[in-house]
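Have a look at the structure below, then the notes.
Protein chains: 2
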Amino acid sequence: MTKAFQPEVLKHFFEDSFKKLDVPIEIYYPVIDGLIQTSLRGVDSHGVRLFPHYIKEVISARINKNPNFTFTKKAASAMILDADNTFGISASVLAMKKAIEIAKDTGVGAVSVINSSHFGAAGIYSLMAAKNDMIGMCCTHTESLVVPYGGKKPFLGTNAITFAFPCEEEEPFCLDMATSTVSLNKIRKYKEEEKEFEDGWVVNKEGESCIDPKEEVYLSHFGGYKGYGLSMIIEILCSILTGMNFGPQIVPMFSDFEKKRHLGHFFLVIDISKFQDINIFKKRLKNLIDSIRKEPVKDGFNKIMVANDPEKEKFKFRSKEGIPISEIDLKNFKEIADLLGLDKKILENYKNVDFDS
Amino acid sequence: MTKAFQPEVLKHFFEDSFKKLDVPIEIYYPVIDGLIQTSLRGVDSHGVRLFPHYIKEVISARINKNPNFTFTKKAASAMILDADNTFGISASVLAMKKAIEIAKDTGVGAVSVINSSHFGAAGIYSLMAAKNDMIGMCCTHTESLVVPYGGKKPFLGTNAITFAFPCEEEEPFCLDMATSTVSLNKIRKYKEEEKEFEDGWVVNKEGESCIDPKEEVYLSHFGGYKGYGLSMIIEILCSILTGMNFGPQIVPMFSDFEKKRHLGHFFLVIDISKFQDINIFKKRLKNLIDSIRKEPVKDGFNKIMVANDPEKEKFKFRSKEGIPISEIDLKNFKEIADLLGLDKKILENYKNVDFDS
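Protein sequences, first through last, are from chains A and B. Using the working numbering, the letters of the first sequence map in sequence onto residues 1387 to 1743. Using the working numbering, the letters of the second sequence map in sequence onto residues 1387 to 1743.
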């Protein structure tokens, strides 16, 4: 059984915290909404557990809570957004809105974001486009964590990419993935529990696959040299196209809080109606994913899924039952309340839910 | 030792063949150039060995040798090209030219291609953009060959995607990959030679990884559910956005020659100069790839490579020594000569080269 909080409770607590730090509503609102939606979709690594981290970034002034967003548009379909070192989520919601606006006009909108910070879950933004009957794509680089194919030392980050497409009769199809085989959180959890890793998840200092949770290990790219290649594409779009730092030059997320991170992101939106009747598109996409879901499964699998199917199931369950908060996350929330001099009573509004059933 | 042909010799023979079939130069020229460039880059699966197949497609009238290309432009950055069932390579070169033109104007150009046929090597087109100081991306779907994650029957194709970026002091960075773990050709070769497959390359009828070259096997997606997800993105862009068929509905490449294939492709070009000074971009990309190449390597590897490094090496060698033609491919070329009543003497102009050294 895990403590489950209704979104409104968390929202209330988060809002009080940001207000206490004089963060303006237009900056904190997308952050709160992004974290809660992400947790509702079951992507706990990028959900509300990041809230205390974000608060610390405001306190350390790594995050600029009063950014001066600037927009540079050198061509009809291309825009640069300078995030002025505010929250990556706030800047990215804005960037995606702009990309959608541009795509409505010219068919395709591309927006690069410079001087940003932690992206949050990439799917937040691609889904915005899909909910506007458009194709949404975006990506971000991150700090150096993943060993290149053939290497033994991390260079690129867990560089994430997402695509979303609107679909008839159900929520959008949405792929949202890091280019590492598994997440750093998963590895940390296995280490804590002293559980053996699966072969291929991580490599040791010699670059060899390692299953021993006691060894020092690094992440590897999913799919060998192909995943490594895809990660490089993301790095080029987010570092080289934007003028931001790359790989090992990037300020780490969880240390050096006095330093701004200067991350880059890239957003692309395609207006489907300029290529295809939107209703035909949505109907045929539904047909494609329903067809593949009906394919025969191998032993050990219940059904063929498509990207976003697990998240859709979790969203349904959690929208009713609430968001699971671990004991350690709850402790972190309470510490933030103490730090900011807020009443902790609101954090007693939970029920116990079995999230594994 | 393998027979090596100079590009001019092959070009001459291919040109005579297409002329004999009254294929207009503007249609056959991109095909010949695409196949030869692809072979020079070492991508033999998509190089000159396909020439006899393409000739058969003209003879069967699957390929329309006199297409009426039509362009539909519903917005400044978005175009649809109807290829009228001609060669995928001819249509795709045209589509990429249009996308580059559009990107010069609006910053981003997106072109979908409908009623097309075999794509050839995807890198042909992304490299065109990179050579124009732009970012090139394109993708294609193919016939059903790959088993979805958790399944045991092929559904999607080997759906390929490519990205290319211009770089200082060397040829562009170019990722060009199928979303299957390995190619069908590689599997066929291992079967012929009765060599065991590597674990994870293919699955048997039960969907389990299989290394026995005597079993009936199917391809699997690279990188598990992530590669499967990426393949779905390509399918949606090429099938659903274009209105073309998907997965199992697609006419196979090597059978049903009386049927047109109606494939779809998608092209995207981004004008770098609208986001970043082009010289800074190229200089910093060179710095990024040189930095990663200098990283420490694990046992069994000589160096860290980036996408396109192997192809650049092969291009250098083959530009001097010639293109390797296997005995079976040479036999196929000679059969085409006989079929078309052409002099086979030109196919005696080769030298023997050791391509493995």
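Note that the Cβ used here is the ideal one computed from N, Cα and C, for glycine as well.
Spatial neighbours of Phe1719 (chain A) in its own chain (CB-CB distance under 8 angstroms, excluding positions within 5 residues in sequence) are listed in chain order as Phe1399, Phe1437, Pro1438, Ile1711 and Leu1733. Of the candidates A:Asn1571, A:Tyr1414 and A:Phe1551, A:Asn1571 places its Cα closest to the Cα of Arg1435 (chain A). Residue ranges of uninterrupted beta strand (DSSP E) with 3 or more members, entirely inside the region 1420-1461 of chain B and ordered along the chain, are 1456-1461. The continuous beta strand (DSSP E) containing Glu1556 (chain A) extends over residues Glu1556 to Ala1564. Taking the Cβ atoms as the reference, His1607 (chain B) lies roughly 13 angstroms from Ser1569 (chain B), outside the contact range of under 8 angstroms. Lys1646 (chain B) and Asn1735 (chain B) have their C-alpha atoms roughly 35 angstroms apart.
With a minimum length of 3 residues, the unbroken runs of beta strand (DSSP E) contained wholly in the region 1532-1557 of chain A fall at 1546-1553. Contact annotation: Lys1451 (chain A) and Val1409 (chain A) have beta-carbon atoms nearer than 7 angstroms. For Asp1585 (chain A), same chain residues with a beta-carbon under 7 angstroms away, outside a window of 5 residues either side, are Ser1595 and Ile1597 in chain order. Taking the Cα positions, Val1637 (chain B) is about 11 angstroms away from His1504 (chain B). According to the DSSP assignment, Asn1501 (chain B) belongs to the beta strand (DSSP E) that extends over Val1494 to Ser1502. Annotation: the continuous beta strand (DSSP E) that includes Ile1466 (chain A) extends over Ala1464 to Asp1468. Annotated three-state conformation of Tyr1604 (chain A) is strand, per DSSP.
Using a CB distance below 7 angstroms, the part of the region 1468-1497 of chain B facing chain A consists of Thr1492, Gly1493, Val1494 and Ala1496, ordered along the chain. Proximity of Ser1502 (chain A) to chain B, defined by a Cβ-Cβ separation below 7 angstroms, is not satisfied.
Collapsing the DSSP output to three states places Met1523 (chain A) in a strand. Neighbours of Val1692 (chain B) in chain A, taken as residues at a C-beta separation under 7 angstroms, are given in chain order as Met1618. Residue pairing of Asp1657 (chain B) in beta bridges, as defined by DSSP: B:Met1520. Sixteen is the threshold: when 16 or more other Cβ atoms of the shown chains lie within 10 Å of the Cβ of Lys1668 (chain B), as they do, the residue is buried. For Leu1627 (chain A), the closest Cβ of chain B is nearer than 7 angstroms. The three-state secondary structure of Gly1506 (chain A), taken from DSSP, is coil.
The contact set of Phe1583 (chain B) on chain A, defined by CB atoms closer than 7 angstroms, is empty, because the minimum CB distance reaches about 15 angstroms.
Counting other Cβ atoms within 10 Å of its Cβ, Ile1666 (chain A) stays below 16 and is therefore classed as exposed. Assignment of beta strand (DSSP E) within the region 1688-1743 of chain B, counting only whole runs of 3 or more residues, yields 1709-1711 and 1737-1739 in chain order. DSSP places Phe1391 (chain B) in the uninterrupted beta strand (DSSP E) bounded by Thr1388 to Phe1391.
Between the region 1463-1473 of chain A and the region 1482-1496 of chain A there are three or more C-beta pairs closer than 8 angstroms, enough to call the two in contact. Taking Ala1469 (chain A) as reference, the option from A:Asn1454, A:Glu1529 and A:His1432 with the minimal CA-CA separation is A:Asn1454.
In terms of Cβ geometry, Met1523 (chain B) and Leu1654 (chain B) form a close pair [threshold 7 angstroms].
In the three-state DSSP reduction, Phe1652 (chain B) falls in the strand class (E or B). With fewer than 16 other beta carbons inside 10 angstroms of its own, Lys1702 (chain B) counts as exposed. Exposed is the label assigned to Ser1641 (chain A), since fewer than 16 other Cβ atoms lie within 10 Å of its Cβ. From the listed residues B:Ser1625, B:Glu1721, B:Ile1709 and B:Leu1542, the smallest Cα separation to Ser1502 (chain B) is found for B:Ser1625.
Interface flag for Gly1593 (chain A) against chain B is set, since a Cβ pair is found closer than 7 angstroms. Following the DSSP letters along the chain, one finds Met1618 (chain A) inside the alpha helix (DSSP H) bounded by residues Tyr1611 to Glu1621.
When the Cα atoms are used, Asp1740 (chain B) and Gly1537 (chain A) turn out to be separated by approximately 30 angstroms. Leu1733 (chain A) is outside the set of residues whose beta carbon lies under 7 angstroms from a beta carbon in chain B.
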